[in-house]
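First up is the structure itself, then whatever we jot down about it.
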Amino acid sequence: MAFAELHRTLDPEPVTTLDDHVGAGGGRGLAVVSDAGGDAVLAVLEASGLRGRGGAGFPTATKWRTVLGQRAGPPPTVVVNGAEGEPGSFKDRMILRRNPYRVIEGALVAARVAGADEVVVALKASSTVERARVRAAMDEITAAGWADGVALRVAEGPTAYLFGEETALLEVLDGRPPFPRVAPPWRRGVDDVGDRPDEAAGSHLGGVDSPTDVPPALVNNVETMANVALIAAEGADWFRSAGTASSPGTIVVTVSGDVERSGVVEVAMGTPLREVIEAVGFPTERRRILAVLSGVSAPVLPASALDTPLTHEDLRAAGSGLGATGYIVVDDSRDMAAVAAGVSRFLAIESCGQCMPCKADGLEVAGRLEAIIGGRADTTALPVIVERLDGIEYGARCSLASQHRAVVGSLLDAFPGVVEGHLDRRLEPVEPFPVAEIVDLTDDGVAVLDDRQLRKQPDWTYGDTWTGAFPAALA
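Using the numbering used here, you'd call the opening residue of the sequence shown number 407 and step up by one each time.
Here you go:
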């Protein structure tokens with residue numbers, strides 16, 4: 407079957423007015439929930455098999471039912487997670503640039519189902535284009551009466567990678583730094599932190615029988631909410647007409663790295679990764695793909711796995727994961743030990759420091775990998791790296807530590823000869839592979855990376871030297 411680009415959640419051209427959105431079928435999801443009621447829409451959502459498109463792939467209807475079962479006195483809050491920062495991913499921001507109306511409509515459908523009185527779209531302060539588009543769309547939607555008593559607002563957050571983690575995002579909405587909390591993601595309200603700034607947030611959380619009146623939150627990412635609007639309007643069978651039985655629907659994929667052109671495309675789930683790369687990115691001429699990174703969230707896919715269908719099940723069987731479907735192509739011009747060093751540095755820097763092994767061992771791994779590729783390490787470096795990776799997840803309150811172990815470990819396992827080549831000085835010293843957030847994707851296919859990432863210190867400052875402190879201790 408030939409490669410097919412679809413346009414369900416990612417419009418081919420920007421939709422610039424609410425009238426244009428309505429003219430293309432928008433608004434019908436809200437009409438359905440108004441006529442049929444929240445329970446009926448939730449049943450359709452469950453039948454559709456929609457899973458979250460933010461990385462974890464959790465069943466959306468199950469998540470919503472959990473929130474509905476934890477409602478306290480005040481109405482819940484619906485939160486759209488637009489804090490996209492996974493290296494290699496630009497899909498959510500592209501969806502918002504093309505059509506913010508559909509995303510907000512999906513969030514309003516969620517608000518009707520959950521009985522929420524507020525919708526918050528959380529974006530990084532650096533996402534200026536997307537913020538402007540969302541705010542203008544909110545103004546039009548409110549003026550048209552679609553909100554119907556539901557308050558709409560944009561919340562701005564920091565550039566930190568962890569802002570995209572659900573519990574850390576809720577911390578930011580409650581006025582704190584983006585430090586993951588030990589609580590289910592749907593928990594909204596928390597007490598102030600303890601006497602020490604690196605302590606976990608208080609344990610009095612919103613929900614049934616809780617000692618606070620703060621409501622729970624229903625959090626889904628941008629692509630998920632766009633799908634919600636469409637499923638409410640078109641039904642479960644329509645949604646399942648694309649994709650596979652176990653991984654239904656479409657996914658929006660970003661391709662960048664060693665390609666002639668970076669881009670974002672929507673395809674049916676089950677499309678082989680190779681077809682997406684060849685159709686969107688055009689691999690660099692006369693170069694051979696060595697591997698593909700799924701951001702920094704899942705083990706690396708070697709070239710032998712390029713024909714893997716893009717489904718949760720197939721990628722898991724291949725030893726990786728779907729993640730945020732942001733794929734960084736790495737060709738044979740690259741040093742794979744340098745790729746491991748770049749991934750390790752990014753994750754070590756972005757760790758908040760609440761969990762000591764994640765931060766301290768992560769920095770140790772990153773430092774030793776950089777020494778290896780720089781020709782400054784001896785044969786004792788690799789055993790230390792393996793030991794630190796084995797213990798890096800101890801006490802972790804989010805997935806960052808497990809990502810560090812999985813991605814770096816998979817690179818070392820898949821390309822052992824490159825590390826050995828540096829240790830015995832057969833290979834020339836190299837710099838770490840640049841791993842950073844995509845801050846823009848130009849019309850001519852250039853993925854612009856955040857060049858500040860290479861200057862970022864472990865305390866999240868950008869000075870010439872590191873203070874020696876971790877972010878959690880500086881809050």
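Cβ atoms here follow ideal geometry from the backbone N, Cα and C, with glycine treated the same way.
- Proximity of the region 504–522 to the region 410–427 meets the contact definition, three or more beta-carbon pairs being nearer than 8 Å.
- In the three-state reduction of the DSSP assignment, K765 falls in the helix class, which pools H, G and I.
- Per DSSP, the beta bridge partners of N487 are A528 and N627.
- Contact between the region 472–487 and the region 737–745 is absent: fewer than 3 CB-CB pairs across the two stretches fall below 8 Å.
- When beta bridges are read from the DSSP output, E672 appears opposite L412 and V658.
- The three-state reading of DSSP puts D737 in strand, counting E and B together.
- With fewer than 16 other Cβ atoms inside 10 Å of its own Cβ, G781 counts as exposed.
- Between G669 and S495, the gap from beta carbon to beta carbon reaches 7 Å or more.
- Closest by C-alpha distance to G512, out of L436, L806, Q809 and L412, is L436.
- A697 is bridged by DSSP to P708 and V736.
- Straight through space, the alpha carbons of R434 and D857 are spaced by roughly 42 Å.
- Around the CB of E691, fewer than 16 other CB atoms lie within 10 Å, so the residue is classed as exposed.
- Here the alpha carbon of V706 sits roughly 19 Å from the alpha carbon of E776.
- Note that the C-beta distance between G581 and A489 is not below 7 Å.
- Non-local C-beta neighbours of P840 in its own chain, meaning closer than 8 Å and more than five positions away in sequence, comprise G748, L855, Q859 and L860, ordered along the chain.
- Secondary structure in the region 780–813: the alpha helix (DSSP H) runs of 4 residues or longer, each lying completely within the stretch, are 787–797 in chain order.
- The Cβ neighbour count for H810, taken over all protein chains shown within 10 Å, is at least 16; the residue is labelled buried.
- DSSP lists V854 as the bridge partner or partners of D846.
- For V560, the pairing in a beta bridge is given by DSSP as V527.
- The bridge partners DSSP lists for R457 are P465.
- Here D850 is exposed, its C-beta having fewer than 16 other C-beta atoms within 10 Å.
- Within the same chain, T415, I501, R508, V509 and G512 come within 7 Å of A632 by CB-CB distance, once the 5 residues on both sides are set aside.
- Relative to the Cα of V673, the nearest Cα in the group R667, E681 and E837 belongs to E681.
- Three or more beta-carbon pairs separated by less than 8 Å are not found between the region 651–669 and the region 764–773, which leaves the two stretches without contact.
- Between G676 and T660, the C-beta gap is not smaller than 7 Å, which leaves the two residues out of contact.
- In this structure, C804 is the residue among C804, V736 and A566 with its C-alpha nearest to the C-alpha of C761.
- When the Cα atoms are used, A566 and A516 turn out to be separated by approximately 27 Å.
- Between D664 and R693 a beta carbon distance of about 7 Å is seen, short of the 8 Å cut, so the two are scored as contacting.
- The DSSP-derived three-state label of P822 is helix.
- In the DSSP assignment, P689 forms a beta bridge with V665.
- Of the candidates V625, G729 and A820, the residue whose Cα lies closest to the Cα of T717 is G729.
- Separation of K765 and L817 (C-alpha to C-alpha, rounded to the nearest whole angstrom) is 20 Å.
- Beta-bridge partners assigned by DSSP to G649: P654.
- T466 sits away from G460, with the two beta carbons spaced by 7 Å or more.
- By the 16-neighbour rule on beta-carbons within 10 angstroms, Y733 is buried.
- Judged by beta-carbon spacing, A875 lies beyond the 7 Å limit of C758, meaning their Cβ atoms are not closer than that value.
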